[in-house]
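So in the working numbering, the last one in the sequence shown is 337, and the numbering has no gaps at all.
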Amino acid sequence: MKKIATLMAATAITALGANAALADKWDMPMAYAATNYHSENGAKFAKCVTDGTSGALEIVTHPGGSLFGGNDIKRAVQTGQAPIGERLISAHANENPLYGVDSIPFLATSFDDSEKLWKAAGDKIKEALDADNLVYLYAVPWPPQGLYTKKDVNSAADLKGVKFRAYNAATARIAELAGMVPVQIEAAELSQALATGVAESFISSGSTGYDRKVWEQLTNFYDVQAWLPRNVVFVNKDAWNGLDDATRAVVTGCADTAAADGLAKAKELTSFYLEKLGENGMKVAPPSDQLKADFKGYGEIMTEEWLNSAGDAGKAVVEAYKSM
Ligand code: PCA
């Protein structure tokens with residue numbers, strides 16, 4: 014009797030497996046606004062996979078942190094709570110310094126240089142993700158990072174004591190170096206944090222300032238162009254291993270398209286975002302020489318610190334990048 018029950022259970026599991034192979038649905042948590050180009054690009058990627066597999070693998074995106082908040086997405090995918098997800102990878106530099114390679118101030122400050130740096134870092138990032146039970150699919154940069162404030166700022170001294178929203182270890186470190194008070198806040202909660210005075214300054218791109226309508230609280234954007242961080246889309250390794258070769262080829266093809274399309278969008282929108290900040294009353298300006306020099310100084314300290322923490326792998330990446 015027990016044997017029969019076991020047999021029946023095994024048959025049921027096989028049947029379930031067969032069904033799953035027929036049609037699989039992957040929920041894809043994303044942290045940023047549905048209308049942001051990363052999220053729209055992710056939705057296009059999802060459709061590409063769904064159409065390309067005739068629905069055998071359906072990917073459904075959940076933007077805005079609706080399924081998992083930004084800070085929880087990586088762990089959710091690692092542990093299989095979600096099969097796929099998108100995350101600002103530098104937010105995990107505390108787990109592995111390599112994840113922060115894109116946020117070293119003034120190492121790569123243009124789209125072209127950021128592409129080179131990512132190419133130089135690619136294999137090491139993939140290895141790091143692999144060790145975290147993740148398979149790398151694609152990455153898309155944010156526009157260059159500048160400083161948002163609610164007053165004119167001529168040098169770092171003007172930033173002392175300011176409550177500063179950080180999104181990763183690098184932004185928190187800058188806050189510390191400038192004598193600001195860092196608080197980690199997701200973009201999804203940024204408008205509220207500014208409105209309630211929890212934060213009064215932050216470093217980000219024109220994209221996030223535009224998405225969060227920060228002109229309602231803030232007055233200045235200094236176009237520092239300090240670095241271009243990336244969102245990375247990754248898959249749980251077991252989920253990936255469960256796909257057949259044909260499905261994997263579709264996913265990889267769609268991922269390559271998404272990387273190229275996302276980069277093109279980021280480039281195209283960079284000036285649009287800054288124009289919108291200006292149209293909505295913000296002062297958009299380059300940093301003063303002093304402010305720039307202050308940030309460059311932090312950049313030097315942080316480059317040194319990063320190279321020390323990232324060891325030989327980190328040095329190899331920076332050397333490869335510099336020789337490109
Ligand atoms: N926007 C994201 C990360 C970098 C960016 O430009 C944010 O502020 O959370």
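Glycine is no exception: its CB is placed at the ideal position from the N, C-alpha and C atoms.
Query, Result
"Please list the terminal residues of the continuous alpha helix (DSSP H) segment that includes residue 38.", "Careful: residue 38 lies outside any alpha helix (DSSP H), inside the beta strand (DSSP E) at 37 to 42."
"From this set, 292, 247, 305 and 335, which residue's C-alpha is nearest residue 92's C-alpha?", "247"
"In three-state terms, what does DSSP make of residue 180?", "coil"
"Examine ligand 1 and report whether any of its heavy atoms sits within less than 7 Å of the Cβ of residue 200.", "yes"
"Among 185, 178, 193 and 107, whose alpha-carbon lies nearest the alpha-carbon of residue 204?", "178"
"By alpha-carbon positions, which one of 249, 239 and 332 ends up nearest to residue 308?", "239"
"Any heavy atom of ligand 1 closer than 7 Å to the CB of residue 284?", "no"
"With C-beta atoms as the reference, is residue 200 less than 8 Å away from residue 206?", "no"
"Would you tell me roughly how many angstroms separate the C-alpha atoms of residue 224 and residue 202, rounded to the nearest one?", "12 Å"
"CB-CB under 7 Å to residue 263, same chain, minus the five flanking residues each way: which ones, in chain order?", "62, 65 and 66"
"Is the separation between the beta-carbon of residue 90 and that of residue 82 shorter than 8 Å?", "no"
"DSSP puts residue 71 in a beta bridge; with which residues?", "38"
"List the DSSP bridge partners of residue 110.", "Per DSSP, none; premise fails for residue 110."
"What do you get for residue 285, buried or exposed, if any count of 16 or more other CB atoms within 10 angstroms of its CB means buried?", "exposed"
"So, for residue 257: in the same chain, excluding its five sequence neighbours on each side, which residues have a beta-carbon less than 7 Å away from its beta-carbon?", "none"
"Would you kindly work out how many angstroms separate the C-alpha atoms of residue 166 and residue 190, rounded to a whole number?", "16 Å"
"Which residues mark the beginning and the end of the beta strand (DSSP E) in which residue 304 is found?", "Note, residue 304: premise wrong, no beta strand (DSSP E); alpha helix (DSSP H) at 302 to 335."
"Could you give the DSSP three-state label for residue 233: helix, strand or coil?", "strand"
"Whose C-beta lies closer than 7 Å to the C-beta of residue 315 among residues of the same chain, with five residues either side of it excluded?", "117, 118, 183 and 186"
"My assumption, with CB atoms under 8 Å, is that residue 161 sits in contact with residue 233. Please give the rounded CB distance.", "7 Å"
"Could you check which residue in 36, 42, 47 and 38 has the C-alpha nearest to that of residue 221?", "47"
"What residue from 69, 317 and 57 has the CA that sits closest to residue 36's CA?", "69"
"May I ask you to list the residues that DSSP assigns as paired with residue 140?", "DSSP, once it has assigned bridges, lists no residue as partnering residue 140."
"Tell whether a beta-carbon distance below 8 Å holds between residue 227 and residue 100.", "no"
"Quick one: grab the DSSP three-state call for residue 225.", "coil"
"Apart from the five residues on each side of it in sequence, which residues of its chain come closer than 7 Å, Cβ to Cβ, to residue 250?", "146, 147 and 148"
"Provide the residue span of the beta strand (DSSP E) that contains residue 298, from first to last.", "296 to 298"
"Following a CB-centred definition, is residue 101 positioned closer than 7 Å to any heavy atom of ligand 1?", "yes"
"Run the CB neighbour count on residue 209, radius 10 Å, all protein chains shown included, and call it buried at 16 or more, exposed below.", "exposed"
"Can you tell me which residues form a DSSP beta bridge with residue 195?", "177"
"Report yes if the C-beta of residue 180 is less than 7 Å from at least one heavy atom of ligand 1; otherwise report no.", "yes"
"What residues in its chain sit with their C-beta under 7 Å from that of residue 14, if we drop five residues either side in the sequence?", "For residue 14, the predicted structure reports a pLDDT of 40, less than 50, and the residue's modelled location is therefore unreliable. A value from the coordinates is still provided. Within the same chain, residue 14 has no close Cβ partners at all."
"Considering only the beta carbon of each residue, do residue 330 and residue 141 sit closer than 8 Å?", "no"
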